[in-house]
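Everything on this sheet refers to the single structure shown next.
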Amino acid sequence: MRTTVIELYKEGMKFSAGHFTIFSATDRENLHGHNFNVYVSITAEIIENGMCFDYGDYKKRINSLCKEWNEIFILPGKSKYLNITEDEKYIYAEFNHEKMIFLKRDALVLPIENATLEDFSSLILDKLIDNPEEIENFKIHAITVKVFSGAGQCASANWEHNK
Numbered sequence: 386m387r388t389t390v391i392e393l394y395k396e397g398m399k400f401s402a403g404h405f406t407i408f409s410a411t412d413r414e415n416l417h418g419h420n421f422n423v424y425v426s427i428t429a430e431i432i433e434n435g436m437c438f439d440y441g442d443y444k445k446r447i448n449s450l451c452k453e454w455n456e457i458f459i460l461p462g463k464s465k466y467l468n469i470t471e472d473e474k475y476i477y478a479e480f481n482h483e484k485m486i487f488l489k490r491d492a493l494v495l496p497i498e499n500a501t502l503e504d505f506s507s508l509i510l511d512k513l514i515d516n517p518e519e520i521e522n523f524k525i526h527a528i529t530v531k532v533f534s535g536a537g538q539c540a541s542a543n544w545e546h547n548k
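Quick note: the sequence shown uses the working numbering, first residue 386, plus one each step.
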């Protein structure tokens with residue numbers, strides 16, 4: 386059995402987003418933003434014709450996520466320190482008795498605990514491994530997702546197939 390590592394780090398695999406990191410029940414960063422870059426490596430078996438599988442679908446899925454997260458303010462929907470409510474037009478985020486108001490078109494609540502590189506990479510990874518049948522069919526052994534907030538600063542999330 387031969388394996389290979391496909392590394393995806395394309396120009397379109399990036400998003401610009403605002404956020405703040407929550408450190409505790411009373412401490413958080415000020416609102417700010419980054420130009421985030423996404424890198425994905427997939428370890429898979431080479432099965433036929435000198436290739437593993439058509440990984441174009443993975444590029445499309447990553448690009449789609451980046452497009453969804455681009456030019457938006459990201460809020461962590463699972464934070465125990467941030468209370469998020471919404472109405473027809475607005476998303477309200479309350480932290481330590483401070484209320485922030487966002488237009489719905491300008492903010493996105495993600496199913497994460499904190500708006501951090503760690504949680505961004507984990508969420509992207511979860512979306513890439515959500516189809517066990519595909520993982521089996523493509524003979525994927527491992528996937529790593531890295532999200533960069535700038536040169537030299539990233540967090541990664543890893544998954545390995547249980548054999």
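From the three backbone atoms N, C-alpha and C, an ideal C-beta is built for every residue, glycine too.
Selected residue, minimal CA-CA separation from residue i, among the options
i: residue 387; options: 531, 539, 526; result: 526
i: residue 455; options: 407, 530, 467, 492; result: 492
i: residue 451; options: 533, 398, 468, 534; result: 398
i: residue 396; options: 529, 479, 540, 448; result: 448
i: residue 458; options: 419, 434, 443; result: 419
i: residue 410; options: 401, 481, 393; result: 481
Exposure of residue i, with buried meaning 16 or more beta-carbon neighbours within 10 Å
i: residue 416; result: exposed
i: residue 390; result: exposed
i: residue 504; result: buried
i: residue 404; result: buried
i: residue 486; result: exposed
i: residue 488; result: exposed
i: residue 408; result: exposed
Presumed contact (8 Å Cβ cut-off) between residue i and residue j, rounded CB distance
i: residue 514; j: residue 544; result: 5 Å
i: residue 494; j: residue 460; result: 5 Å
Beta-bridge pairing of residue i - partner residues as DSSP gives them
i: residue 544; result: 528
i: residue 517; result: Paired residue(s): none; residue 517 is not in a bridge.
Worksheet item: If you pair each beta-carbon of the stretch 426 to 442 with each one of the stretch 507 to 524, do three or more pairs fall below 8 Å?
Response: Contact between the stretch 426 to 442 and the stretch 507 to 524 is present, because at least three Cβ pairs lie under 8 Å.
Worksheet item: Counting Cβ pairs, one atom from each stretch, are 3 or more of them under 8 Å apart for the stretch 471 to 486 and the stretch 497 to 513?
Response: The answer is no - the stretch 497 to 513 does not touch the stretch 471 to 486, with fewer than three Cβ pairs under 8 Å.
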